[in-house]
Every structure is written in structure tokens, then in C-alpha cells.
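Chains as they are written, first to last, in my numbering: chain U, 1 to 188; chain R, 1001 to 1191.
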């Protein structure tokens, strides 16, 4: 946990910033959280960030909210959780309140639409850039078991549309068995 | 009474929507359209469209939308609280367990197995966004004419700015949106 002054404020403003610009679902926001808190501020290391994302996914609820809870907890405990959640839901709350009043005008506006279409291409690029970086990390470790898990999990979620919860449960069981066997053989 | 109903409905949505994002949609529809008739099916579809056009998770967006519709701003706040409360409790407990026991060999082994899978799941979310961006809602098509070339160029340009020049992702996203708007404007003038 971080004790420095201003951590809560920084957490709040970062979440407001991320919450305002993350169109296109929860994975966009966790990708940006990784960029912000791991790569930019170095408050969380990359492996830990992946663990936190796994936790965010294994609980029910929106990934964006869960992601902000784990990051908030990790950086500043329960006050961090509250501040982080508030920052994450405030922008959609305000924006949605306004948009629902002017919905019809908003929906048919060609400029709003092209802006959003363009941003979608940008969002895709942001996610792929971060994924590439993390994939290189896995390849660099030269653990082929990890590479196999990555490929299989990708096929299951991208092509077979399996719910991520089952993939996570599968990994927990597999990881448990692997570690259990290693422990029995005295390797770890 | 209405506040309590709103709270309980969104509490259920928050507690049972595993897997995030669109996994929550059928659940929201069940509560909001079928059980309580707070929205018509048409209004629900509008809500989904609005959610796609605005930032934020669909569950939180629906809580705001439905809450405002039937009980004003206080309704929106109560519905949103209900929707995030289960996650708040559960995720905090998991985070606590993680920070406390992360050095255990068993938990380490499980997390090592999970990490590559998490990367894969982020990748597949990225791929589905790219498919929608390149080909629209109907998905991949082999005909070249269905491919939106401007989206492909924007994607490539954005990727270069991110990887080679280390640009801030939000700047890249906004720039991509601005470029698309300029392209549409130019196309309108020419055509």
C-alpha cells in the first residue's frame, strides 16, 4: 500500500480520466489502467497487474468497476477502493444523464458518429499494442506451457465464444494441479 | 418502495453478471423489461445503443438510465449503488486475500497459469473490436468492398504512434476519432 500524500487524489483523477475516455467495454479500461499504473507511474508491476485483472474478471460485475476496485485496494486499501469506484462511475453517470435527455439529436448526428467510428479503430490499436507487449514478455520467458495456455485461451474466447469465467476456472484447476504435482515432487 | 425495488433489481444484476460487458445484457433485459416493465423493448435497445456510444460499463449505464427514467436522479444513484455493491464487497475480499497470501506457492502456481490466459482474453476482446471496426456489425467478410479502408489505415497509424513513438493511448484514440471526422467531412464535400 502506498502512503505518499496525494495517492488518493491521483487515483481519483486518473480514474475520472480513464472513465471518460473508455469507449468499448471493460477490457479497454483495464488496458489503459495497465498503461497508466504500471508503465507510466510504476505503482504496480506488470505481473501484479495481470493478477489484479484476473481477480477483476473472476468476480461478478463490470470489469471496469472491478478493475478500479482492485487497483484502488492495492494502492490505498478501502479508502482507495471507494475513491477509485467514485472516479470510475462518475463520468458515465454524468454523461449518461445528459445523453438520455438529448438522445434523439445525439443518435442521428453524423459528426458524433464519425468521431466514435474513428475512436473504435484507435481503441483496437491501443489494445493490440498492449497485448503485443505482454505477449513478448511471455515469449521471452520461454515457458512453452504458458504459450500453450495463451493460445488455447485465445481460441476458446475469440473463436468458440466461451465465457471467460469458465476459462478462469479451468486455469485455476490446471494451475492447482500443476503446482500440487510440482510440490509433491519437491520442485518448488 | 420503488427505490427498494430498483435497488434489489440492480443488486441482482450486479451479483450475477459474470464475465463482464455483454454478459450482463440478458440479465438487465430480464429485470428491467420482462419483470418490472420499467422500459419497453424499444427503449431497452436505445439504451444498448447509448451504452455503445458513451463510456462506461453497460450495467452502470443502465442503472443510470433506468433510475432517471422512473425515479429521477435519486433513483439513478440508488440503482447504481445496487449494481456495484456486490462487486465492491467480493472484489475487495479477493484483493485482500491476494495481497495477504500472494507469496504462497500454491497461489503463485495458480496465478502463473492464469496470467497468459488473461493476456489471451484481452487479445480476443481487442480482436472483436477490430472486426467491428473494419467490417461493421455483420462481422468478417471476404469481399474487399466490405472492408472499411479508412478504419484499416487509422488502425495502422494508431498502432505505429503507440508502438514506435510511445504516444499516450487516450491521445491516439481521440486523434483517430478526429481523423475519421475529417475524412467524413472531406468525403461529403467531394461526393
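The beta carbon of each residue, even a glycine, is placed where N, CA and C say it ideally should be.
Chain R residues whose Cβ lies nearer than 8 Å to that of residue 56 (chain U): Stepping through the first chain from its first residue, residue 56 (chain U) is reached at position 56. By Cβ distance, chain R contributes 1091.
Candidates R:1079, R:1068, R:1095, R:1076: closest to residue 81 (chain U) by CA position: Translated into the one-based positions of the first chain, residue 81 (chain U) becomes position 81. Comparing Cα-Cα distances from residue 81 (chain U) to each of R:1079, R:1068, R:1095, R:1076, the minimum goes to R:1095.
6 Å CB neighbourhood of residue 1051 (chain R) in its chain, flanking five on each side removed: On the second chain, residue 1051 (chain R) is found 51 positions in, with the first residue counted as 1. Within the same chain, residue 1051 (chain R) has close Cβ partners 1058, 1061.
Short Cβ contact (8 Å threshold) for residue 154 (chain U) with residue 1120 (chain R): Working through the first chain from its first residue, we reach residue 154 (chain U) at position 154. Working through the second chain from its first residue, we reach residue 1120 (chain R) at position 120. In contact: residue 154 (chain U) and residue 1120 (chain R) (Cβ atoms closer than 8 Å).
Any C-beta of chain R under 8 Å from that of residue 51 (chain U): What you label residue 51 (chain U) is simply residue 51 of the first chain in a count that begins at 1. Judged by the 8 Å Cβ criterion, residue 51 (chain U) is in contact with chain R.
Start-end ranges of the alpha helix (DSSP H) lying completely within the stretch 11–58 of chain U, minimum 4 residues: Entirely contained in the stretch 11–58 of chain U, the alpha helix (DSSP H) runs reaching 4 residues are, in chain order, 26–33, 46–58.
Under 8 Å from the C-beta of residue 168 (chain U): neighbouring residues of chain R: Against the first chain, residue 168 (chain U) aligns to sequence position 168. Correct list: 1114, 1117.
Where the alpha helix (DSSP H) containing residue 79 (chain U) begins and where it ends: As a working note, residue 79 (chain U) is residue 79 in the first chain. 63–101 is the extent of the alpha helix (DSSP H) around residue 79 (chain U).
Under 8 Å between C-beta atoms of residue 72 (chain U) and residue 30 (chain U): As a working mapping, residue 72 (chain U) is identified with position 72 in the first chain. As a working mapping, residue 30 (chain U) is identified with position 30 in the first chain. No, the Cβ-Cβ distance between residue 72 (chain U) and residue 30 (chain U) is not below 8 Å.
Supposed close pair residue 83 (chain U), residue 132 (chain U) - CB separation, criterion 8 Å: For this step, residue 83 (chain U) is matched to residue 83 along the first chain. For this step, residue 132 (chain U) is matched to residue 132 along the first chain. With 8 Å as the limit, residue 83 (chain U) and residue 132 (chain U) do not qualify as a contact, their Cβ atoms being about 32 Å apart.
Terminal residues of the alpha helix (DSSP H) in which residue 1065 (chain R) lies: Walking along the second chain from the start, residue 1065 (chain R) turns up at place 65. Its alpha helix (DSSP H) spans residues 1058–1101.
CB of residue 1006 (chain R) within 8 Å of CB of residue 1109 (chain R), strictly: In the second chain, residue 1006 (chain R) corresponds to position 6, counting from 1. In the second chain, residue 1109 (chain R) corresponds to position 109, counting from 1. Contact: no.
Helix, strand or coil at residue 1001 (chain R) according to DSSP, with G and I counted as helix: Here residue 1001 (chain R) refers to the residue found at position 1 of the second chain. The answer is coil: DSSP assigns residue 1001 (chain R) none of H, G, I, E or B.
Residue span of the alpha helix (DSSP H) that contains residue 182 (chain U), given as start and end: For the purposes of this step, residue 182 (chain U) is identified with residue 182 of the first chain, where counting begins at 1. Taken as a continuous stretch (DSSP letters only), the alpha helix (DSSP H) holding residue 182 (chain U) covers 164–184.
Per-residue DSSP class, three states only, for residue 1009 (chain R): The residue given as residue 1009 (chain R) occupies position 9 in the second chain. Residue 1009 (chain R): helix per DSSP, three-state reduction.
Contacts of residue 111 (chain U) in chain R (Cβ-Cβ under 7 Å): For the purposes of this step, residue 111 (chain U) is taken as residue 111 along the first chain, with counting starting at 1. Simply 1181.
Chain R residues whose Cβ lies nearer than 7 Å to that of residue 22 (chain U): Stepping through the first chain from its first residue, residue 22 (chain U) is reached at position 22. Near residue 22 (chain U) (Cβ distances below 7 Å), the residues of chain R are 1055.
Spatial neighbours of residue 9 (chain U) in its chain, beta-carbon cut-off 7 Å, leaving aside the 5 residues before and after: For the purposes of this step, residue 9 (chain U) is identified with residue 9 of the first chain, where counting begins at 1. Cβ within range, chain order: n/a, list empty.
Simplified DSSP assignment, three categories, for residue 60 (chain U): Counting from one through the first chain, the residue named residue 60 (chain U) turns up at place 60. Coil at residue 60 (chain U), not helix or strand.
Presumed contact (8 Å Cβ cut-off) between residue 1002 (chain R) and residue 1071 (chain R), rounded CB distance: For the purposes of this step, residue 1002 (chain R) is taken as residue 2 along the second chain, with counting starting at 1. For the purposes of this step, residue 1071 (chain R) is taken as residue 71 along the second chain, with counting starting at 1. With 8 Å as the limit, residue 1002 (chain R) and residue 1071 (chain R) qualify as a contact, their Cβ atoms being about 6 Å apart.
Proximity to residue 14 (chain U) [Cα-Cα], best of U:27, U:36, U:79: Sequence index remark: in the first chain, residue 14 (chain U) carries index 14 (1-based). For residue 14 (chain U), the nearest C-alpha among the options comes from U:36.
C-beta contact flag for residue 178 (chain U) and residue 1113 (chain R) at 8 Å: Taking the first chain and counting its residues from 1, one reaches residue 178 (chain U) at position 178. Taking the second chain and counting its residues from 1, one reaches residue 1113 (chain R) at position 113. The answer is yes: Cβ separation under 8 Å.
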